[in-house]
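These notes concern the structure reproduced below.
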Amino acid sequence: QQQVKQSPQSLIVQKGGISIINCAYENTAFDYFPWYQQFPGKGPALLIAIRPDVSEKKEGRFTISFNKSAKQFSLHIMDSQPGDSATYFCAASPLDDYKLSFGAGTTVTVRA
Amino acid sequence: DVKVTQSSRYLVKRTGEKVFLECVQDMDHENMFWYRQDPGLGLRLIYFSYDVKMKEKGDIPEGYSVSREKKERFSLILESASTNQTSMYLCASSLDSGSSYNSPLHFGNGTRLTVT
Chain A
1 QQQVKQSPQS LIVQKGGISI INCAYENTAF DYFPWYQQFP GKGPALLIAI
51 RPDVSEKKEG RFTISFNKSA KQFSLHIMDS QPGDSATYFC AASPLDDYKL
101 SFGAGTTVTV RA
Chain B
1 DVKVTQSSRY LVKRTGEKVF LECVQDMDHE NMFWYRQDPG LGLRLIYFSY
51 DVKMKEKGDI PEGYSVSREK KERFSLILES ASTNQTSMYL CASSLDSGSS
101 YNSPLHFGNG TRLTVT
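Chains as they are written, first to last, in the numbering used here: chain A, 1 to 112; chain B, 1 to 116.
If you want it as structure tokens, here you go:
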């Protein structure tokens, strides 16, 4: 049983568009929410992360929005580029536990 | 840059064989992990090690064991491979900083194991 539910499974967006990926969790002990990006043939790599004491974190074209009361968080990719085509995983863990629970992943395809 | 190296990119084994997947990291990280990646299921934790000779079961440890005799090396062992263990296996490491926030996972590029 997956502790972090991620949607959609895949999405296609035009170059310059916005990609939105959503994740939800039930475990109230979770207080660290990273996103990992994986290109074909490579292992996942940390993209951006948030703690629940903030509601939003932005790094370049990537933004995490966090809603603690709804136990949901999302990744927005603004001005999507073909180089953003990858699989994105949301994850969660308590701050004092190194074992991440991952979502099922979203494959993003950006069409030029 | 942290480098996590998995010894094989592709591996084909027969049912019932004992299989060893090897992983080495070069950044003196305390924590090492084995994850399994399957379409639609994401990454699932098999085992975690926070120190030499120390290990904890993850979410799906059945059919697997691990060995960590040296800090930089973490091995995953399939005692008797079965077809349902056909998957992509990812090794990762992280620093023990006291908080997961300061300890991102660094992944290897994976070993795709096929059991026939």
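Just so it is clear, CB atoms sit at the ideal spot from N, CA and C, and this is done for glycine as well.
- Using a C-beta cut-off of 8 angstroms, the stretch 8-27 of chain B makes no contact with the stretch 98-111 of chain A, since fewer than three inter-stretch Cβ pairs fall below that distance.
- Less than 8 angstroms separates the beta-carbon of residue 14 of chain B from that of residue 116 of chain B.
- Look at the beta carbons and you see the stretch 66-79 of chain B not touching the stretch 51-64 of chain A: under three pairs across the two are nearer than 8 angstroms.
- Taking the beta carbon of residue 99 of chain A as reference, the chain B residues within 7 angstroms of it are 45, 48, 58, listed in sequence order.
- With contacts defined as CB atoms closer than 8 angstroms, residue 31 of chain B and residue 94 of chain B qualify as a contacting pair.
- Sorting A:36, A:53, A:68 by C-alpha distance to the C-alpha of residue 104 of chain B places A:36 at the top.
- Under the three-pair Cβ rule at 8 angstroms, the stretch 7-23 of chain A counts as touching the stretch 84-103 of chain A.
- Following the DSSP letters along the chain, one finds residue 107 of chain A inside the beta strand (DSSP E) bounded by residues 106-111.
- Interface annotation for the stretch 42-76 of chain A against chain B: 42, 43, 44, 45, 46, 49, 51, criterion Cβ-Cβ distance under 8 angstroms.
- Nearest in C-alpha terms to residue 26 of chain B, of all of B:17, B:3, B:80, is B:3.
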